[in-house]
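One structure is given here, and the rest of the page talks about it.
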């Protein structure tokens, strides 16, 4: 049967796509349906037809799946943040683990039996509510011209008003209400993307889960914040408020933060602790958003490295030194590399703060610093840890790793597709995949972290 746009189809959802869409077939022709979950029987309206698949909009759930749950958030369908909140958490974990496995087989070219042998069960959360220590709320106006805060709808820059995200810190709500009240009272305008006018673009919120300390940074389309003292006076009344600042971003760009940070009150950073290591976190610091799961992930990385105190470790894409400092407590020497200069300064300060002296940090691209230090200075490695951005490792970086021939490689990934691609390169360079384990850093979303360990083929 040939289907057309606006046709209504009845579908049994049998799987989910990488973006969390339900997948069902009509006469063998697959359709992707946003907000449908595995096991649903749905009525959907076709919105686009491709050569071998189509997209349809969920019109009605005829028979709910046994895995469907009532989401805690009223705007989960409109908001682009939590793509799979209507799916039970147990089923989310099962789907994410299967996604990692399938990518390793399909993209990485590993035999399914080999992956089943080395892959360990996914690490989930006992309670996934309020897990995020960071949120960036865009600011806009509603139809009546009132300022609103929320999140962008999926694949758009339309703001869905929401001041109390269920995966965010509970303090976010009162902070946002304080900022919006300040904007209304003193007639402070919200930024408009179309015209490039208006002042307040975003509100960045961070919380140290161990310390309870709170940081607020307003991103503004200007050089100063009018009546800033009034805003500070109001925010200071919130318990544990530690830092209030603004970031200047006057560019017509989708990049949220500007490079200039002006402190209005308090400290320039807040503190948090993961395990026994304390970190200072500024508005521009990269820091994992889920500290509970980060502790589990980093403990797993240390376990995979198998350190006994004699090893030299390279930590590539090290950020503010989180993994480096975890490794340093059990290694002889750790070298960290990160392209962002401010992150390296934070890493050095974090090392001093924790009294960790067997670490050294370099500013630069991993694919440039690593070959230079290896060729010119003869610095080598027993263990190399990589925690790259979503695009994975640079080819030159992987080539240098293979040239250095460390005993072990520990790869931390936020994208199982690029992980699979890079592991395949390392495998063909003489390494064998020994252990893999997903960690659910981002419940209710389609994202999953994965830790993998490789060692020289023929070794242990």
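Numbering (our numbering), first residue to last: 853 to 1312. Beta carbons are placed, not taken as given, at the ideal position from N, Cα and C, and that holds for glycine. Predicted, not measured: the structure shown is a model, and the values here were computed from it.
| Proximity winner among 1220, 1179 and 1234, relative to residue 1307 (alpha-carbon distances) | 1234
Is it true that the CB of residue 1273 sits closer than 9 Å to the CB of residue 1244?
yes
| query | Hey, is the segment 1076-1091 in contact with the segment 1035-1045, meaning 3+ C-beta pairs nearer than 8 Å? | reply | yes
Candidates 893, 1019 and 1228, of which the one nearest residue 935 by Cα | 1019
| field | Segment contact flag, the segment 1021-1034 with the segment 940-955, C-beta cutoff 8 Å, min 3 pairs | value | no
CA-to-CA distance, residue 1271 to residue 965, given in whole angstroms
18 Å
Requested in this report: Measure the beta-carbon distance from residue 864 to residue 893 and round it to whole angstroms, keeping in mind my assumption that it falls under 8 Å.
Outcome: 5 Å
- Query: Would you report the Cα separation of residue 921 and residue 1049, rounded to the nearest angstrom?
  - Reply: 42 Å
Q) Would you call residue 1280 buried or exposed, if buried means 16 or more other Cβ atoms sit within 10 Å of its Cβ? A) exposed
| task | Within its chain, find whatever has a CB closer than 6 Å to the CB of residue 1261; leave out the 5 residues flanking it on each side and keep chain order. | result | 1236 and 1306
Just confirm the distance between the C-beta atoms of residue 855 and residue 906, as a whole number of angstroms; I'd bet it's less than 8 Å. 7 Å
- On a CA-only basis, which of 1295, 859, 1301 and 1136 is nearest residue 940? Give me that one, please. 1295
Selection from 1249, 1164, 862 and 1046 that minimises the alpha carbon distance to residue 912:
862
- Query: Rounded to whole angstroms, how far is the Cβ of residue 1012 from the Cβ of residue 1071, which I believe are closer than 8 Å?
  - Reply: 19 Å between Cβ atoms; not a contact.
key: Segment contact, 8 Å Cβ cut-off, at least three pairs: the segment 1247-1258 with the segment 1214-1227   = yes
Does the Cβ of residue 1240 have 16 or more other Cβ atoms within 10 Å, making it buried, or fewer, making it exposed?
buried
Look at the alpha carbon of residue 1093 and the alpha carbon of residue 1099, and state the distance between them as a whole number of angstroms. 18 Å
Can you list, in chain order, the residues of its chain whose CB lies under 7 Å from that of residue 1064, leaving out five sequence neighbours each side?
1092
Within 9 Å, strictly: CB atoms of residue 1133 and residue 1204
no
query: Near residue 1354, what residues of its chain come up, given a Cβ to Cβ distance below 6 Å and the 5 sequence neighbours on each side ignored?
result: In this structure the chain extends from 853 to 1312, so residue 1354 is not present and cannot be described.
| Span of the beta strand (DSSP E) holding residue 1265? | 1260-1265
Which residues DSSP lists as bridging residue 988, in chain order:
1056
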